[in-house]
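Under numbering that gives the first Met the number 0, the first residue of the sequence shown carries the number 0, and numbering increases by one thereafter.
Since the structure comes first, as structure tokens, the remarks are kept for the end.
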Amino acid sequence: MPVIEATRVRKQYGDHVALRDVSFSVERGEVFGILGPNGAGKTTLVECVEGLRKPDGGTIEVLGLDPLRERRTLRQKVGIQLQESALPDNMKVWEALDLYSSFYSDPADWRELLDEWGLAEKRNARFGKLSGGQKQRLFIALALVGKPEIAVLDELTTGLDPQARHETWKLIESVKAKGVTVLLVTHFMEEAERLCDRIAVITRGTVSAIDTPQGLVARVGAAQKLLFRPSAPVEDAVLAGLTGVTAVQRTGDLVEVSGNGDLLQVVTSALARRDVVPRDLRMETPNLEDAFVALTDSDAPRVEA
């Protein structure tokens, strides 16, 4: 049984449709990503899952419970880090963990969480004095203090510098290693590609596709690109006629060859037969960002989930 199951969820604010028949399921133990541009409906969807908002239609079950009718029971099983999480500036780290642990019937030992999340030295530090990365460590610890089966993390690394972001990713990986299911809302492609087992791409309140990161890339059929500066002239027709090549473009002396299959071997072999050396050679392979752009392009055809 999925631990989260949403079926044809709808939410509207006045004339604005935030969610339009959104359906997805999350399996136990996976990191499931919600990916989409700003304003796509990601946070509204997660708030409906958490029971913070009431959908206008459709159904949601979390661990077999209704997030609205059985909210109190569900709060003991789900840890939440909200997009706009904050604490009083003067609250100490240990005070926050002690307070949050009092909300649960069987909490984790918050003193152990201090050590586990690298906050022991900041035990008596006030929230307002913590760095961005330290605040995120604290928010993750607070989301886990109730020993949840599911952790909901909404835009966890927004505003962090690259080093703090990578440190936070390691924390999320350790959460998954403990068997906790993670629902991760993000708009960072690298974050989603690294952490998520599956991803739902949300576009204008609808699900454009659900798949693994690799599956999403494969669906849109993005081509490989080989870029180089030839040491001697080579005709476009020579390159365009090679197996797997779909396009040849030039910008000054830079040649860009697009295609599929073993593009690198095919092109470099053809150049070698003509005694042409591909200088400044680099290969660009399709990634999640390419898939995301294709799936969220308003003019692109919808890819069914």
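Using N, Cα and C, we set each Cβ at its ideal position, and we do this for glycine too.
- Item | M188, enclosing beta strand (DSSP E) - first and last residue | One-based indexing of the sequence shown puts residue 188 at position 189. No beta strand (DSSP E) holds M188; the alpha helix (DSSP H) holding it covers 188-194.
- Query: Roughly how far, in whole angstroms, is the beta-carbon of A17 from the beta-carbon of T43, given that I think they are within contact range, below 8 Å?
  - Reply: As a first step, residue 17 must be located in the sequence shown, where it is residue number 18. As a first step, residue 43 must be located in the sequence shown, where it is residue number 44. Their Cβ separation, rounded to whole angstroms, is 4 Å, which keeps A17 and T43 in contact under 8 Å.
- Item | Backbone CA spacing between F138 and L118 [nearest angstrom] | Reading the sequence shown from its first residue, position 139 is the one you call residue 138. Reading the sequence shown from its first residue, position 119 is the one you call residue 118. Using only the alpha carbons, I get a separation of about 11 Å.
- Query: What span of residues does the alpha helix (DSSP H) with K169 cover, start to end?
  - Reply: Within the sequence shown, residue 169 is the residue found at index 170, counting from 1. K169 -> alpha helix (DSSP H) spans 161-176.
- Query: Is the beta carbon of V30 sitting closer than 8 Å to the one on L155?
  - Reply: Walking along the sequence shown from the start, residue 30 turns up at place 31. Walking along the sequence shown from the start, residue 155 turns up at place 156. Not a contact, by the Cβ cut-off of 8 Å.
- Rank R71, V265, M188, F23 by C-alpha distance to the C-alpha of P1 and give the top, closest one. The residue given as residue 1 occupies position 2 in the sequence shown. P1 has its Cα closest to that of F23, out of R71, V265, M188, F23.
- Query: Beta carbon of L182, beta carbon of V151: below 8 Å?
  - Reply: Counted from its first residue, the sequence shown places residue 182 at position 183. Counted from its first residue, the sequence shown places residue 151 at position 152. Yes; because the gap between Cβ atoms is below 8 Å, this pair is in contact.
- Option nearest N286 by Cα separation, candidates D153, E192, P161: Translated into positions along the sequence shown, residue 286 becomes position 287. Answer by Cα proximity: E192.
- Message: According to DSSP, K10 sits in a beta bridge with which residue or residues?
- Response: For this step, residue 10 is matched to residue 11 along the sequence shown. Answer is L18.
- Message: So, for L244: in the same chain, excluding its five sequence neighbours on each side, which residues have a beta-carbon less than 8 Å away from its beta-carbon?
- Response: Within the sequence shown, numbered from 1, the residue matching residue 244 stands at position 245. This sequence places Val at residue 244; Leu is not what is there. Closer than 8 Å at Cβ, skipping near neighbours: L238, V256, S257, G258, L262, V265, V266.
- Message: If you follow the alpha helix (DSSP H) that P212 is in, where does it begin and where does it stop?
- Response: Indexing the sequence shown from 1 puts residue 212 at position 213. 212-219 is the extent of the alpha helix (DSSP H) around P212.
- How long is the line joining the alpha carbons of F227 and P277, rounded to whole angstroms? Here residue 227 is taken as the residue at index 228 of the sequence shown, counted from 1. Here residue 277 is taken as the residue at index 278 of the sequence shown, counted from 1. Note on geometry: alpha-carbon atoms of F227 and P277 lie some 5 Å from one another.
- Could you check how far apart the C-beta atoms of R218 and A142 are, in whole angstroms? I think they sit under 8 Å. The residue given as residue 218 occupies position 219 in the sequence shown. The residue given as residue 142 occupies position 143 in the sequence shown. Incorrect: roughly 32 Å between the Cβ atoms, too far for contact.
- Message: Could you compute how far the alpha carbon of R110 sits from the alpha carbon of S101?
- Response: By one-based count along the sequence shown, residue 110 stands at place 111. By one-based count along the sequence shown, residue 101 stands at place 102. Looking at the two C-alpha atoms, the distance is approximately 13 Å.
- Message: Can you list, in chain order, the residues of its chain with a C-beta nearer than 8 Å to that of G158? Leave out the 5 residues immediately preceding and following it.
- Response: For this step, residue 158 is matched to residue 159 along the sequence shown. For G158, where only same-chain residues beyond five positions count, the Cβ hits under 8 Å are G131.
- Message: If we require 3 or more residues per run, which beta strand (DSSP E) segments fall completely within the region 214-271?
- Response: List check, beta strand (DSSP E) in window: 223-229, 244-250, 253-258.
- Simplified DSSP assignment, three categories, for F138: The residue given as residue 138 occupies position 139 in the sequence shown. It is helical.
- Message: In the DSSP output, which residue or residues are listed as bridge partners for P277?
- Response: Looking up residue 277 in the sequence shown gives position 278. Looking at the DSSP assignment, P277 forms a beta bridge with P229.
- Message: Per the DSSP calculation, L183 is bridged to which residue(s)?
- Response: Taking the first residue of the sequence shown as position 1, residue 183 is located at position 184. DSSP, once it has assigned bridges, lists G32, L152 as partnering L183.
- Is it buried or exposed for E49, if we count other Cβ within 10 angstroms and need 16 for buried? Translated into the one-based positions of the sequence shown, residue 49 becomes position 50. Counting Cβ neighbours within 10 Å, E49 comes out buried, since at least 16 surround it.
- Query: Is the distance from the Cβ of L62 to the Cβ of E148 below 8 Å?
  - Reply: For the purposes of this step, residue 62 is taken as the residue at position 63 of the sequence shown. For the purposes of this step, residue 148 is taken as the residue at position 149 of the sequence shown. In this structure, E148 lies closer than 8 Å to L62 by Cβ.
- From the DSSP output, in three-state form, read off T202 for me. Locating residue 202 in the sequence shown gives position 203, counting from the first residue. Three-state result, T202: strand.
- Cβ shell of T295 (< 8 Å), same chain only, five flanking positions each side left out: As a position in the sequence shown, residue 295 is number 296, starting the count at 1. The answer, listed in chain order, is G35, P36, A39, V200, T202, S207.
- Query: What is the DSSP secondary structure of A85, reduced to helix, strand or coil?
  - Reply: To locate residue 85, count along the sequence shown from 1; it is residue 86. Here A85 sits in coil by DSSP.
- Across which residues does DSSP place F102 in a beta bridge pair? Here residue 102 corresponds to residue number 103 of the sequence shown, with the count starting at 1. F102 pairs with nothing; no bridge assigned.
- Query: If we call anything under 8 Å between Cβ atoms a contact, is Y103 one with Q75?
  - Reply: Working through the sequence shown from its first residue, we reach residue 103 at position 104. Working through the sequence shown from its first residue, we reach residue 75 at position 76. For Y103 and Q75, yes; Cβs fall inside 8 Å.
- Message: Just to confirm, is the Cβ distance from G32 to I198 under 8 Å?
- Response: By 1-based counting over the sequence shown, the position of residue 32 is 33. By 1-based counting over the sequence shown, the position of residue 198 is 199. Cβ atoms of G32 and I198: closer than 8 Å.
- Enumerated in chain order, which unbroken segments of the beta strand (DSSP E) with a length of 3 residues or greater are wholly contained in the region 41-72? 56-61
- Check whether the Cβ atoms of V254 and P229 sit closer than 8 Å, and answer yes or no. The count along the sequence shown starts at 1 and reaches residue 254 at position 255. The count along the sequence shown starts at 1 and reaches residue 229 at position 230. Result yes, Cβ atoms of V254 and P229 sit closer than 8 Å.
- Query: Starting from V77 and walking both ways along the beta strand (DSSP E), at which residues does that stretch end?
  - Reply: On the sequence shown, residue 77 is found 78 positions in, with the first residue counted as 1. It spans 77-80 - the beta strand (DSSP E) in which V77 sits, taken as one unbroken run.
- Go ahead and label A293 buried or exposed: buried means 16 or more other beta carbons lie within 10 angstroms of its beta carbon, across all protein chains shown. If you number the sequence shown from 1, residue 293 lands on position 294. Buried: at least 16 other Cβ atoms inside 10 Å.
- Item | Other residues of its chain near D196: CB distance less than 6 Å, five sequence neighbours each side excluded | Looking up residue 196 in the sequence shown gives position 197. Residues of the same chain with a CB within less than 6 Å of the CB of D196, apart from the 5 flanking positions on each side, are E29, V30 in chain order.
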